[in-house]
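Participant:
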Amino acid sequence: MENFDHQLKNCSNFVSMQGRDPIRTTSILLQPNSLHDFQSVDRCCLIHLILRFYLDKVFRHCETESLLINRKVSGIANSFLSTEKKFRECHDQNTCHCGEDAIIKYQQIIINYEQMDVTSAAMKSLGELDILLDWLEAY
Numbered sequence: 002m003e004n005f006d007h008q009l010k011n012c013s014n015f016v017s018m019q020g021r022d023p024i025r026t027t028s029i030l031l032q033p034n035s036l037h038d039f040q041s042v043d044r045c046c047l048i049h050l051i052l053r054f055y056l057d058k059v060f061r062h063c064e065t066e067s068l069l070i071n072r073k074v075s076g077i078a079n080s081f082l083s084t085e086k087k088f089r090e091c092h093d094q095n096t097c098h099c100g101e102d103a104i105i106k107y108q109q110i111i112i113n114y115e116q117m118d119v120t121s122a123a124m125k126s127l128g129e130l131d132i133l134l135d136w137l138e139a140y
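Per the numbering used here, the sequence shown starts with residue 2, numbered consecutively.
(1) In its own chain, which residues sit with a C-beta less than 6 Å from the C-beta of residue 113, not counting the 5 before and 5 after it?
(2) Can you tell me whether residue 61 is buried or exposed, with buried defined as 16 or more other CB within 10 angstroms of its CB?
(3) Do you know whose CA, among 65, 42, 51, lies nearest residue 120's CA?
(4) How would you label residue 43, buried or exposed, when you count the other beta carbons within 10 angstroms and need 16 or more for buried?
(5) Cα separation between residue 118 and residue 87?
(6) For residue 129, which residues of its own chain have a beta-carbon under 8 Å away from its beta-carbon, when the five flanking residues on both sides are left out?
(7) Where residue 106 and residue 67 are concerned, what is the direct C-alpha to C-alpha distance, given to the nearest angstrom?
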């Protein structure tokens, strides 16, 4: 997980759109601390769900005019895919418990995402990678 975090931090620092984010009143990933406020047994599940969310909804709609940024986003997506596969194996073997808190937090992320148009929501989620990576690092 450490190597994953290091690679992603390097890429996400480059890609971070938060400084240019015109939508400051909405957060896709809830408040930064809200990811920390639940049972550790549910973290595996929530990580798996959030990785799937980024792979299925975010990275597919993050196209910019910059080829360099698109390459960095692709690199982040590949790292997420590799990591998600490991969590999927745990999930498939029923060693990754999905409690009610994890499901509720994930559903709120989806609701926040779907309140925006697809491209804006994807770019907003990409801009919030720092929130996600800080949370993963604490895990």
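From the three backbone atoms N, C-alpha and C, an ideal C-beta is built for every residue, glycine too. If you're wondering where the values come from, they're calculated on a predicted model, not measured in any experiment.
Facilitator: Well, looking at it:
(1) 29
(2) exposed
(3) 65
(4) Looking at its Cβ environment, which holds 16 or more other Cβ atoms inside 10 Å, residue 43 is buried.
(5) 31 Å
(6) 19, 28, 29, 30
(7) 33 Å
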